[in-house]
Amino acid sequence: MICKVRILKLILMGLLNGKKCLEYGCFKCCLETEMILSYSDIHRIIKLGYKLDEFAYFDGHYWRLRNNNRRCYFLSNDGRCRIYKHRPKGCMAYPVIIIESEKEIRCGVDDYCPFSNEINLKELRDGCKILIELFRELGEKIIVD
Ligand code: SF4
Ligand code: SF4
């Protein structure tokens, strides 16, 4: 599949990274996750000692993170990611996501994240690059303007 991605020009301030999530005590995106996994994500996590069926399931098209009691398998009780340094590419990019509409497919910021308005243009671009790599691994080619 060839998708065309347009980088949105946003005038935003601030930085959003893992530190901000900790500072705000937020782990909203780790609840009821449907995060897609690439093969390198799966390989990296298995090398940590986890078993594939424990942390992921196949939906017929993609491997996705599994939830336990509506929380990501890797979310600890204190709201931290147990594999943060090795987390899936989609988690690294979040809240930058691929947005698909009838007209186009593009990178954008998910307003499900309560601090999505703190993403700046550089972070949007960096997140978009990670997502392009993720979809390339999945055999879905994305073109960026
Ligand atoms: S929803 Fe946003 S602020 Fe909350 S953990 Fe996810 S990326 Fe961080
Ligand atoms: S792998 Fe980590 S960052 Fe990704 S959804 Fe699970 S707990 Fe959150």
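Under the numbering used here, the first residue of the sequence shown is numbered 796, with each subsequent residue one higher.
Every residue gets a Cβ at the ideal spot worked out from N, C-alpha and C, and that includes glycine.
The model shown is predicted, which means the values in this text are computed figures rather than measured ones.
Please name the residue in F869, S896, R875 whose C-alpha comes closest to that of F850.
F869
Is the CB-CB distance between M887 and R859 below 8 Å?
no
Is it right to say P890 is buried, meaning 16 or more other beta carbons lie within 10 angstroms of its own, or is it exposed?
buried
Just to confirm, are I892 and D906 a CB contact at a threshold of 8 Å?
no
Is K846 near ligand 1, judged by its Cβ being under 7 Å from some heavy atom?
no
Please return the same chain residues whose Cβ sits closer than 6 Å to the Cβ of I806, not counting the five positions on each side in sequence.
Annotation note: pLDDT 42 at I806 (below 50); position unreliable, coordinate value reported separately. Excluding sequence neighbours, I806 sits near nothing in its chain.
Counting Cβ pairs, one atom from each stretch, are 3 or more of them under 8 Å apart for the stretch 862-877 and the stretch 815-832?
yes
I'd like to confirm something about C867: is its beta-carbon nearer than 7 Å to some heavy atom of ligand 1, or not?
no
What residues in its chain sit with their C-beta under 8 Å from that of Y852, if we drop five residues either side in the sequence?
W858, R859, R861
Of all Cβ atoms in chain D, is any one closer than 8 Å to the Cβ of V904?
No chain D is present in this structure, which holds just one protein chain.
What do you get for K917, buried or exposed, if any count of 16 or more other CB atoms within 10 angstroms of its CB means buried?
exposed
Tell me the start and end of each unbroken alpha helix (DSSP H) in the stretch 852-917 that is at least 4 residues and wholly inside, in chain order.
884-888
Would you call K814 buried or exposed, if buried means 16 or more other Cβ atoms sit within 10 Å of its Cβ?
exposed
Excluding the five sequence neighbours on either side, which residues of its own chain have a C-beta within less than 8 Å of the C-beta of L926, listed in chain order?
K884, G885, A888, V891, I892, I893, C902, I937
Spatial neighbours of T828 in its chain, beta-carbon cut-off 7 Å, leaving aside the 5 residues before and after
L860, N862, C867
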